[in-house]
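Protein chains in written order, with our numbering: chain R, 1 to 335; chain A, 1 to 335; chain U, 1 to 335; chain X, 1 to 335.
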């Protein structure tokens, strides 16, 4: 089969992760070229991975007829504009989340993609995680009957710098948005109302920057189920990523992944390894598998498993959560 | 040491459980007499356990100078009146929860007990459970630093008859009240605000009776922590009783108890036993240990570990939760 | 139902444990009297538990027509003689293990019991443990098909004084004998050959006293299965009691019991409680349940679940294991 | 850094696995060429992975000056001869286990390698497994004090065809040899004596072919520790690979790896996934990591982590085990 040629726009943390993952793990795809606002980044990654082309900017890449698809891994504020241009250039698009912080720009992307007839997949990688994908599959298979309660624990090992909140849109838009998508995915239903009980307990600087770092977020779903997400910016024991789906015929839950399955029993305690430290370790398998499905969608004319619509809906839930904190009451999600 | 003579008022499910537990497990106490509105109940329990005295009604028991303390295990609506009379009669009081469904009657009990100078303990037995007591102790010892998030999963194996909701005051007052007390216990702080996202998914008859059977309840504590309780009236796999306390230096959680620690691996799966079926099996140890501490409080002039004030505060949280469902917004707890 | 009157001969560690367990946990039985070579022991236990009769020696007890059954908890060297006399006196007998260190005396007991037509049960309490009983039951129900491999891990928290080996007969006779019985119980078959790879790694004084403290013991069963027991006199993390039965259709294994199900995750590790410390904590439930079945056998004319024949066969395996160490080769068990 | 050019001799199951693993996971190495007695195999693998050179036979490969190192993945009976020739050709050697079934040929390899001054690594991949490597590391760090007992459970999901035993040398030489190496690795000491209690319970045809399929193998180590390996050719629940190292200060054990960490609780049981099915799934990470260390040894002049001496010693233990079954007694290992 002909190799699919991919260009990666932005090779910072997540972009270079994808560059490596695709190069070493996905034989049917070639990372043909990359670009980055910081030329030294492009140089380093291209040299390490033997990538042929370095473009000065993303427009060069979009103009290259050899490129079949692009992965947009640049800063969030540039995602939507690049996606619109990429669609116009006839490139398939893998776009990191969030698509944008404002629904209007996401609508523009939806329109551009539909018009151009290209594929777009949003990087909600956690849907492809071996644990969560398994729970969703078993739930859809009816193993636990009707879904009654969704529970998501999502805690980061350490908070970002307080300044980050300004650019990121705050915790709900940069961190919890993954959990909102996961909630929709597991429930098989849209969130209709959200009440966020959020506060600042980890770092006062985060609060001074107008953001929160600890939250219990209550959810109501269209299918009648209820749910809760609990978040912290700082779990000293590492990345805590657990979910549970409780239904009329049983419950399904996923424990954390760990570096190994070794237990030590000594005079002090029975102890084992902490969870994998952060998302690079924890979700490596999902970063590969989401791209595999993106490729499959392109090569075999399937729908992408996470659409721009998923990006939009998770954004709308996140914005409702922010409003809920300000208004101190449950807020309906406006679709 | 002189045996302490106890009288038990009401020997239905919970009263006969205490009668047996005290008789067989607590050598320093004697169940001297019992009474029940159903004389056949008294007869059966007295005969099985070799109890000397059967009183025609609780007033006879209160008038018996040989009785040192009473355990009030009658129907909820009678708890407060009996407690006031028992205090006036100079008897120490172990009162099953809830003390009453109205704060006014609980205030009357508080006053009566203070005036009489007797001990009163409320039957929040779960505080004495080996798992939860351990988590509370480790939390108070500072093992996880400041408390940030409290999580309680509390699901019954099967719902009560729909009619029960009317007498019981509904799910928050008959079932979740245990969880509200547990939340206060684990947080080491009072609940200041509650938002109950509650619905009826298990049995429509419960909804028609004006009650709920499934809930996600968001809590705010005076010390700044946040929390969540999730409830269901029907977990088909048995009694699901798990808690987690997450803090600045770590997290503590308790898994369910099971009848044994056996695992079977076969062609189908790796499987083990379901949780202990219901509260009689799950909390037997706590039913004994709460009475041991009640006895210790009487014999050694200590405070009882769960006071009538605990009963009052958990009731106020439960009432706020009910109001929250009706008002569809977070409700401050009125102390 | 008429109370069964029991007399306990020897109220040291195990005898006083039974005295308490029966008094508080088994309503249908009364500990009518006790005796001990140390009169102070008898006095203390009788006073604590409110036991009516203290006998000067066991013969007085055997002569008391009110006594229905005796529990022989004296030192091992006296078990067989007392059992023979008790049978002659028409008393049912619960005899602590081992019945004796020499097969000849066990044969004498078998003869006496058969002649008198009384019940005799040997105190292989572990068969009644909730974990091991469950595995045996599931194995006999065919859940894992034919039994292929039996594995038993049995490690004590701390070694006895080196001098103890002389009186006890050594590790195989005082400690591993429980595991030999467990192996027979789980395999549902007799041990035909044993090879003990044993050494002294814990305490040189034990080696100097002619005993071993660490062993891997290979077993062959009459039904073709093979097995292994591993022993240590000193597991610093507590009492390690695990078994596995592997068969043609699956495997069954039991983890250790712990004081609670709490887990702590912090910067260092994920940790939980060590196993219950020693046999008093670990096997309390089995000490009660074995006596319940003894009583049931007496009152309802059933066979006792562990017979003197079980005592004999486990002794013969233990003696073969000792011979194996001396001969440095596998030794057939002589039945 | 200059790419290291590797040639793979034999691209059946294990050879093609290495070809893929090296191609996709190890950027610093290039699979320059392959050869196989079945030319169609070479063609298929070369085409799938884009490998440049296909050699008609291994001698062509050894004659190619571009080749830096070879991986010998051909049938066992050819390993030693090829290794001797490869050494003479100045190629570094990665040799699949076992090096040979006769010690004499292994000695010839040792001599050839020493003379040529090339690196040789034997494919004892399990030493690189995340679980077992962690236990070995913690043991060598002194976390459990002195090693007293080694336990290895190693069971295959399904037996090979009975005819396989003839070529493979039998279960001890094709399967248990991994466990013998693991025992030496974990103990940090050589096996001095072995007693194999082995039988045929899985498939009578295996017994008729003169081999065994079920075994409990008792080990004695030079450092005084004892150990046991239990094997079965057929664990219906999948590949069972667990180890435990018990020492004077604690114990370390590894559970099986599973495809995910999901648990289902329903009316029937609490269930989770079976172990990963077989060695391709279970040990994929170790197959990559062993080659990484082989490359590191070549490029940085280090010793290979598993030497031909390890291959020899594990073979000698396996041969002693076979002799033990025939002789029905413990057999010293002849070094």
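In this text, a Cβ means the ideal position worked out from N, Cα and C, and glycines have one as well.
These numbers were taken from a predicted model, which means no experiment stands behind them.
query                                                                                                                                            : result
Interface residues of the segment 67-99 of chain A facing chain R [CB-CB below 7 Å]                                                              : none
Per DSSP, the bridge partner or partners of residue 230 (chain A)                                                                                : A:153 and A:216
Contact set between the segment 221-241 of chain X and chain U, restricted to residues whose Cβ is under 8 Å from the partner                    : 224, 225, 226, 227, 228, 230, 232, 234, 235, 236, 237 and 240
Spatially closest choice to residue 372 (chain R) from R:328, R:248, R:302 and R:319, by CA coordinates                                          : Outside the displayed span of chain R (1 to 335) sits residue 372 (chain R), for which this structure offers no information.
Neighbour flag for residue 216 (chain U) against chain X, beta carbons, 8 Å                                                                      : yes
Contact set between the segment 257-272 of chain A and chain U, restricted to residues whose Cβ is under 8 Å from the partner                    : 257, 259, 260, 261, 262, 263, 264, 265, 266 and 267
Backbone secondary structure at residue 278 (chain R) - three-state DSSP                                                                         : coil
Under 8 Å from the C-beta of residue 303 (chain R): neighbouring residues of chain C                                                             : Protein chains R, A, U and X are contained in the structure displayed, whereas chain C is not.
First through last residue of the alpha helix (DSSP H) which encompasses residue 342 (chain X)                                                   : Here chain X has residues from 1 to 335 only, and residue 342 (chain X) is not among them.
Cutoff 8 Å: residue 313 (chain U) Cβ touching any chain R Cβ                                                                                     : no
Three-state secondary structure assigned by DSSP to residue 239 (chain X)                                                                        : coil
Proximity below 8 Å, CB of residue 73 (chain U) to CB of residue 12 (chain U)                                                                    : yes
DSSP three-state assignment for residue 204 (chain A), whether helix, strand or coil                                                             : helix
Presumed contact (8 Å Cβ cut-off) between residue 80 (chain X) and residue 108 (chain X), rounded CB distance                                    : 6 Å
Interface partners of residue 197 (chain U) on chain X, CB under 9 Å                                                                             : 193, 195, 218, 219, 220, 226, 227, 228 and 330
Whole-angstrom C-beta distance between residue 262 (chain A) and residue 273 (chain X), which should lie under 8 Å                               : Between residue 262 (chain A) and residue 273 (chain X) the Cβ distance is about 18 Å, and since that is not below 8 Å, they are no contact.
Three-state secondary structure (DSSP) of residue 175 (chain R)                                                                                  : helix
Rounded separation between residue 210 (chain U) and residue 204 (chain U) - CA only                                                             : 10 Å
Burial state of residue 21 (chain A), where buried means 16 or more other Cβ atoms lie within 10 Å                                               : buried
Min CB distance residue 206 (chain U) to chain X below 8 Å                                                                                       : no
Sub-8 Å separation of residue 257 (chain U) and residue 282 (chain U) beta-carbons                                                               : yes
Distance between residue 295 (chain A) and residue 128 (chain A) (C-alpha atoms, nearest Å)                                                      : 14 Å
Residue 70 (chain R) vs residue 147 (chain R) beta-carbon contact at 8 Å                                                                         : no
For residue 6 (chain A), the nearest candidate out of A:34, A:17 and A:16 (CA to CA)                                                             : A:34
Endpoints, the alpha helix (DSSP H) within which residue 294 (chain X) is located                                                                : 284-300
Interface flag, residue 423 (chain X) vs chain R, CB-CB below 8 Å                                                                                : The structure shown does not extend to residue 423 (chain X), since chain X is modelled only from 1 through 335, so no value can be given for it.
Proximity of residue 120 (chain X) and residue 286 (chain X) at Cβ, strictly below 8 Å                                                           : no
As assigned by DSSP and simplified to three states, the class of residue 11 (chain U)                                                            : coil
Burial state of residue 2 (chain A), where buried means 16 or more other Cβ atoms lie within 10 Å                                                : exposed
Three or more C-beta pairs below 8 Å linking the segment 188-203 of chain A and the segment 213-230 of chain A                                   : yes
Whether residue 276 (chain A) touches residue 238 (chain A) by CB criterion (8 Å)                                                                : yes
Contacts around residue 332 (chain X), its chain only, beta-carbon distance under 6 Å, and the 5 residues preceding and following it disregarded : 193
Exposure label - residue 57 (chain X); buried when at least 16 CB within 10 Å                                                                    : exposed
Residue burial classification, residue 86 (chain R) (beta-carbon count within 10 angstroms, cutoff 16)                                           : buried
Residue 114 (chain A), buried or exposed, once every other Cβ within 10 Å from all chains shown has been counted against 16                      : exposed
Backbone CA spacing between residue 191 (chain U) and residue 317 (chain U) [nearest angstrom]                                                   : 7 Å
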